[in-house]
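Have a look at the structure below, then the notes.
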Amino acid sequence: MAVVRLRVLREFADRGTVGAVAQALSMTPSAVSQQLKVLAREAGVALLEPDGRRVRLTDAGHALVVRADEVLAAVDRAAREMALYRGSPRGQVRVALFPSGAALLLPHLLAALADTGADLIARDEDVPPTEVPRLLADYDVVLTHRDERAPTLSGPRVAARVLMREPIDVVVGPDHRLADQGAVVPGELAEETWLSVRGGFPVDDVLRSIATVTGVQPRIAQRLNDFSVIEELVVSGYGVALMPRYAVRHPGLVVLRLAGVRAARLYDIATRPHAEDRPAIATVLTAFDTAARAVAR
């Protein structure tokens, strides 16, 4: 089975349609379809099956994608070893970060990478953790976040590890009835109006936990994923909010610790399996560790 066709198959698994693969690889859709047909002949088994007006992977196709990852990782390792013989372990590393994580870590990350030879290309991607496999089609490293009770992202095609833990606190305006307290329990928040993020993100998971403890469904006035907007609304008295501790910026906010509920988000670093074998990616992963330690201090 030709390596180039295994790469096309992996792209199809990542992107879901022949058209998306064609666009990503600068090919025509007919050329992509032809490469997949030839690969099926090489494998001796059907790799695709009809799915309405589209096609999808068969069980054999899914199995071959996992092996394609291994083969392509081995090919990439060989290329990197040859680069080392040429004395050039440098290279670009494409990194996706969720926005508040980027604001917190990216300055430290860039400082840690100074003079290392790794060329970081960063982009902000505000998507739930379930979207990480899709992002790995375009990025070498993805920084994502999840509720600490949520399952790990690791799987046959994703290698993930926890980078750091960030507590989630309650923030209220300076004139709020609870503003003089250092901490609150869920029962004190049952009747509040909330400003929250969209569903599927860690902060919303904690809010649902509060609802479970109190037995009261939270009254959510607005769902916004920009914490700076949420801060302005809280300070103006339009509700209370849950916010990750390191994301709080507004000087007018009062931060209250939340007692009685496991309230934190985990920062996860995700790559393809064996991606750290590439020296530039390994350098970036080490820099992430350095940045997390700087934040903790």
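Just so we're aligned, residue 1 is where the sequence shown starts under the UniProt record's numbering, counting upward by one. Here a beta-carbon is modelled for each residue, glycine too, at the ideal position from N, C-alpha and C.
Using the three-state DSSP reduction, which class does residue i fall into: helix, strand or coil?
{"i": "D147", "result": "strand"}
{"i": "L163", "result": "strand"}
{"i": "M27", "result": "coil"}
{"i": "A122", "result": "strand"}
{"i": "L285", "result": "helix"}
{"i": "G155", "result": "strand"}
{"i": "V142", "result": "strand"}
{"i": "T17", "result": "coil"}
{"i": "R90", "result": "coil"}
{"i": "S236", "result": "coil"}
{"i": "V255", "result": "strand"}
{"i": "P273", "result": "coil"}
{"i": "L97", "result": "strand"}
{"i": "residue 298", "result": "The first residue shown for the chain is 1 and the last is 297, placing residue 298 beyond what the model contains."}
{"i": "A137", "result": "coil"}
{"i": "A2", "result": "coil"}
{"i": "V248", "result": "coil"}
{"i": "V127", "result": "coil"}
{"i": "A114", "result": "coil"}
{"i": "V261", "result": "coil"}
So, is the C-beta of residue i closer than 7 Å to a C-beta in chain C?
{"i": "A241", "result": "Here chain C cannot be found, since the structure has a single protein chain."}
Using 10 angstroms around the beta-carbon of residue i, count the other beta-carbons present and answer buried if the total reaches 16, otherwise exposed.
{"i": "M82", "result": "exposed"}
{"i": "D226", "result": "exposed"}
{"i": "T28", "result": "exposed"}
{"i": "A78", "result": "exposed"}
{"i": "R198", "result": "exposed"}
{"i": "A183", "result": "exposed"}
{"i": "A247", "result": "buried"}
{"i": "P156", "result": "exposed"}
{"i": "D51", "result": "exposed"}
{"i": "T212", "result": "exposed"}
{"i": "V3", "result": "exposed"}
{"i": "V93", "result": "buried"}
{"i": "E49", "result": "exposed"}
{"i": "R249", "result": "exposed"}
{"i": "R10", "result": "buried"}
Taking Cβ to Cβ, would you say residue i is nearer than 7 Å to residue j?
{"i": "I168", "j": "A264", "result": "yes"}
{"i": "L163", "j": "F288", "result": "yes"}
{"i": "V295", "j": "A118", "result": "no"}
{"i": "V21", "j": "R15", "result": "yes"}
{"i": "P244", "j": "E166", "result": "yes"}
{"i": "G260", "j": "P186", "result": "yes"}
{"i": "A190", "j": "T271", "result": "no"}
{"i": "T193", "j": "G237", "result": "no"}
{"i": "V171", "j": "A103", "result": "no"}
{"i": "V234", "j": "G173", "result": "yes"}
{"i": "A13", "j": "V65", "result": "yes"}
{"i": "L266", "j": "R161", "result": "no"}
{"i": "Q35", "j": "R5", "result": "yes"}
{"i": "V45", "j": "A63", "result": "no"}
{"i": "D268", "j": "T130", "result": "no"}
{"i": "V132", "j": "V142", "result": "yes"}
Mind checking whether the beta-carbon of residue i lies closer than 6 Å to any heavy atom of the ligand COA?
{"i": "L136", "result": "As for the ligand COA, it is missing from this structure, which has no ligand bound."}
Exercise. So, do the region 173-181 and the region 202-209 have three or more beta carbon pairs nearer to each other than 8 Å?
Worked result: Contact fails: fewer than three Cβ-Cβ distances are below 8 Å.
For this session: Output the residue ranges of the beta strand (DSSP E) runs that lie fully inside the region 35-88 and measure 3 residues or longer, sorted by chain position.
Result: For the region 35-88, whole beta strand (DSSP E) runs of length 3 or above, ordered along the chain, are 48-51 and 54-57.
Exercise. Is there contact here, the region 33-44 with the region 106-121, by at least three beta-carbon pairs under 8 Å?
Worked result: Counting C-beta pairs closer than 8 Å gives fewer than three between the region 33-44 and the region 106-121, which falls short of the contact rule.
Exercise. Is the region 130-141 touching the region 228-237, taking contact as three or more C-beta pairs under 8 Å?
Worked result: These segments do not touch.
Problem set entry | Segments assigned beta strand (DSSP E), at least 3 residues, entirely inside the region 176-227 | Those beta strand (DSSP E) runs which fall completely within the region 176-227 and span 3+ residues are 193-196 and 219-223.
Problem set entry | Inter-stretch contact at 8 Å, needing at least 3 Cβ pairs: the region 253-263 / the region 272-288 | In this structure the region 253-263 does not lie against the region 272-288, because fewer than three pairs of beta carbons, one per stretch, are closer than 8 Å.
Problem set entry | Three-pair Cβ contact test at 8 Å for the region 97-106 versus the region 60-79 | No, the region 97-106 is not in contact with the region 60-79.
Problem set entry | Touching by the beta-carbon criterion (3+ pairs, under 8 Å), the region 216-225 and the region 143-160 | Taking one beta carbon from each stretch, the region 216-225 and the region 143-160 have fewer than 3 pairs nearer than 8 Å; the two do not touch.
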